[in-house]
Structure formats: structure tokens, C-alpha cells
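Input: a single structure, listed below in C-alpha cells.
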Amino acid sequence: MGTVPGYAVPVSTFPVTRLRRLRRTDALRGLVRETRLSLDDFVMPLFVGREPLANHDLPGLARHSVDTAATEGQELASLGVGAVLLFGIPEEKDAQGSGAWDDDGIVQRALRAIRTSAPGLVLLTDVCLCEYTSHGHCGVLAGEEVDNDETLELLARTAVSHAEAGADAVAPSDMMDGRVAAIRTALDEADLGATPILAYSAKYASAFYGPFRDAAESTPAFGDRRGYQMDPANVREALRECELDVAEGADMLMVKPALPCLDVIRAVRERFDLPLAAYNVSGEYAMLKTAGAKGLLDERQAALESLTAIKRAGADVVISYWTKDLARWL
Ligand code: PBG
């Protein structure tokens, strides 16, 4: 035991202080736990598209028809899940991705169906063109490059169409410059001023989106997304992305992927007061699912630990393919 100079009070160290005392029982550990998982903070992604494709290895990435999406929405709501994030895989793709803003498109129909089957569920939509373009890039092309400014108008149209079909919030994931402002303006002009924007502000060009691209059929036909998504080496740039999105009118920010970016989540949390989401992406899910199936680790424990780490890093909201499982685990 040492003492602080000038004070009679002893500073306790080992053996007086023993941190293991509060780890002795489940009840004590529960009492002093700093981070807790609550289903209220979780969002389940849902894929809706042609030829329902059950992905047995990765049940969270199963593809639904409009009808089964409606049933799934109802089931999720009855399990206590509060929100879903919708992705659409259209019947036909073209160079512009016109299926994205078709008022009778796959996401628009799913929104109406789920609104009826599960009226209280929060319906978020991913706003991007990559699932709808024949070339798989997130915007329209000018030669081999994605044309930023030409894409903005199409994203805005898509967001308006989603909101008109009943989306509670729209989430642009394309990483074009200026998309939040373009979407905010278009929503306001369409009398949809009450629809919030959840901006995928710091979205990195990540290898962890692989399983998603299979499920959503959105792998780029050539090249990659590094010309618009962020370089995983950068964190200051993530803060600039967030700053711009806040200035353009974002209501919530997002960091994606989650586990490789816990430091980015922490940095954004410390700098901004907006609600912050983190996307626990398909590759993060697939890794643990696969390792669990091989008996290398306990999937449930590993998933709970990962999701807790994402919350501990500072995320308010977590988008995760484990959300449905979590409803049973918690
Ligand atoms: C669409 C989009 C992607 C993801 C979410 N929205 C794919 C991509 O950017 O290539 C990835 C989600 C996941 O991997 O779970 N742009």
C-alpha cells in the first residue's frame, strides 16, 4: 500500500484492491456492467427480390418475396424487433438503375406490404443504385467512372419514392458527394419534410461486404468501389464526411463496417451529437457463422461479444444480421 505525499489517506493497490471481487458472481458482474444490449437498438436487414433464395449457410441473408417479407416483418415485430432495413433486388437491371425509383418497384411494394402486416415496425430503406444497375456500380457511369452529379438526381428520386411508399427513414449508402443535400431538398419539395435521413457517412471500401453482394447480386461488373467508398486507412476523412453530412441535413450518422472500424465509431461518437449507427456487415456475420458451424468457436457468445464491443465503441444503433437471433438470446 502506498500513500499520496502530503495525505494521510492510503492509496490502495494490491492486495487491498482486488478487481476480481466484483467479478465473482453473475449477479455482481451484472450490477457493474457498463454496456448492455437492448433489442430496441437493433435493426434487421431484409432482402426482397425475385426468386426467393434461401441461403442456408447465412439465414440472415435469405432473400424474400414481397409476400414472405410481409410475414417475416410480422414475425420480427412479434419477437420484439423494432426496425428493419430493406434492400431490393429488381426483376430487371439497366444502366441507370431505374428499378430503384419505380413506384411499383420491389422495395416500394415490400414497404406497403410490411406496413400492412406489421404496422408498428420502423421501416428503413437503403438508398443506392448498385442492386439496380446492370454494371453493379452505385451510380450512373461516364465511361468507366461513376458520375457523381448525374447520380444525385436519381438517388433523390429513389429516396422520395421510398418515402412515398411508406419508409420511416431513408439511408443513402452510395457515397456520392452531396447526396444528403440532394435527398433533403427533394424530400422537402415533395412534402416529405418529416422523413429523416440516416446517412451512411463513413462507409469504407471493405472486403467484408462480399456475402451481401452475393445475396443482393450487386458485385460491380468491372473495377471496384474505391473511387467513391472510403479508404480503410483513414479516420480524419471519416470525420470530414460526417461533418459534411451534418451540414447537408443528415439526422443520423453511420459508420460501416463496424468491427474493423471501432476506432472510427469512437471518434465519431466523441465529435458529434447525432444518433450514431454502425453496420455489422455481412462479412462480419459470415465469419462467425462459418467458424461457429465448424465448431471453432461458439457463435452466440462471439456474436454477443462483437455486438457489445460495437455498442461500447459508441454506437447507439446497430444494424446486424443477428438481430432476429438476438430477440431470442436476450
Ligand atoms: C449498397 C450496400 C452495400 C452494403 C449495404 N449497402 C454493398 C456495397 O456497398 O458494396 C453492404 C452490407 C453488408 O455487407 O452487409 N451500396
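Going letter by letter, the sequence shown gives residues -9 to 320 in the numbering used here.
C-beta: ideal position from N, C-alpha, C; glycine also.
For ASP315, which option in GLN291, ASP204, ILE187 and ALA299 has the closest C-alpha, if you only look at C-alpha atoms? GLN291
Residue from CYS128, LEU69 and ALA192 with nearest C-alpha to GLY213: CYS128
Neighbourhood of ALA67 by C-beta distance below 8 Å, restricted to the same chain and skipping five residues each side: ALA108, GLY110 and LEU111
Leaving out five residues before and five after TRP91 in sequence, what residues of the same chain have Cβ atoms less than 8 Å from its Cβ? LEU144, ARG147, THR148, VAL150 and SER151
Do ARG203 and THR209 have their C-beta atoms closer together than 8 Å? yes
Could you check if ASP214 belongs to the surroundings of ligand 1, using beta carbon to heavy atom distance under 7 Å? no
Report yes if the C-beta distance between VAL1 and LEU12 is below 8 Å; otherwise report no. no
Between which two residues does the alpha helix (DSSP H) containing SER68 stretch? 56 to 69
Got a sec? Which residues, its chain only, sit under 6 Å from THR185 by beta carbon, not counting five neighbours each side? Taken in chain order, the residues that qualify are ALA153 and LEU177.
Supposed close pair LEU48, LYS279 - CB separation, criterion 8 Å: 6 Å
Could you tell me if the beta carbon of ARG53 falls within a distance shorter than 7 Å of some heavy atom in ligand 1? A distance criterion of 7 Å places the beta-carbon of ARG53 beyond contact range of ligand 1, judged by its closest non-hydrogen atom.
On the three-state DSSP scale, how would you describe SER208? coil
Do ASP164 and ligand 1 come close, with the Cβ less than 7 Å from some heavy atom? yes
C-beta contact flag for PRO42 and PHE77 at 8 Å: At a Cβ-Cβ threshold of 8 Å, PRO42 and PHE77 do not count as neighbours.
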